[in-house]
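Novice: 2 is the number of the first residue of the sequence shown in this note's numbering; add one for each residue after it.
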Amino acid sequence: MGKQTTWAMRWLKLGYDHPETMPVLCNALRKQGFSNVLAVFTKIKTKGYKFSERDINGYGYVLLKQEKHQQALAIFKQQVAMYPQSANPYDSYAEAAESAGERQLAIDNYKHSFQLDTANISISYHIKALENATFTADKLFAFTGRFNKGDNTGAFLKFAVKGNRLILTQSVGWK
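(1) Look up A101 in the DSSP assignment and say whether it is helix, strand or coil.
(2) Beta-carbon separation of A161 and T145 under 7 Å?
(3) Let me check one thing: in DSSP terms, what residues is I168 bridge-paired to?
(4) Taking the C-alpha atoms as reference points, what is the distance between N37 and T119?
(5) Which term fits E96, buried or exposed, when burial requires 16 or more other beta carbons within 10 angstroms of its beta carbon?
(6) For Q116, which option in L131, G151 and P90 has the closest C-alpha, if you only look at C-alpha atoms?
(7) Please name the residue in N28, L30, P24 and K78 whose C-alpha comes closest to that of N110.
(8) CB V25 to CB I45, shorter than 7 Å?
(9) If you follow the alpha helix (DSSP H) that F144 is in, where does it begin and where does it stop?
(10) Can you tell me which of the three DSSP states Q80 falls into?
(11) Less than 7 Å between C-beta atoms, sequence neighbours within five positions excluded: which residues of the same chain meet that for K51?
(12) Leaving out five residues before and five after M2 in sequence, what residues of the same chain have Cβ atoms less than 7 Å from its Cβ?
(13) Going by DSSP in three states, D152 sits in which element: helix, strand or coil?
(14) Is it true that the CB of A107 sits closer than 7 Å to the CB of E99?
(15) In angstroms with no decimal places, state the Cα-to-Cα distance between K176 and F35.
(16) How is Y50 classed by DSSP in three states: helix, strand or coil?
(17) Can you tell me whether S93 is buried or exposed, with buried defined as 16 or more other CB within 10 angstroms of its CB?
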């Protein structure tokens, strides 16, 4: 993209904090695999490359979006090891575990994240939902649909299911 674009993206907090590191990391993991992520990170760090918590988190979510659950788990596990006092790595690791179908691992990491960030009450609700074994993702479909306000303003709420999450879309109409 060129240096001007790269610096603008950094200043706006878009993309990676260390964009020069991420292709090196991705290539190394592609060649060496995800079985020993720590060794890959260590080798790259000794060459002078830097990572931020945000970089690792972003890469993990790229893998999750590609439905590479086990690879994302490995990246988030490394992020937890590198930033054990931050709530976000535990939350991300829990989300990857949940996506991979590892319910108890997800619960344990959501709980740890909540211990580090008690202001994030949405995690406590998520933990309760995961601990309730009778409430499964297929039951979320009962909540889907588009609900209009009823006054012809065009305002509506739409509930859809994506994976094991209920997604809310809100539109505010104009008279």
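From the three backbone atoms N, C-alpha and C, an ideal C-beta is built for every residue, glycine too.
These numbers come from a predicted model, not from an experiment.
Specialist: Taking the definition as stated:
(1) coil
(2) yes
(3) A161
(4) 32 Å
(5) buried
(6) P90
(7) K78
(8) yes
(9) Here F144 belongs to no alpha helix (DSSP H), and DSSP marks it neither H nor E.
(10) helix
(11) H19 and T22
(12) Reliability fails at M2, whose pLDDT of 47 lies under 50, so the model's placement of it is uncertain and the value that follows must be treated cautiously. So no residue of the chain qualifies.
(13) coil
(14) yes
(15) Reliability fails at K176, whose pLDDT of 46 lies under 50, so the model's placement of it is uncertain and no value is given.
(16) coil
(17) buried
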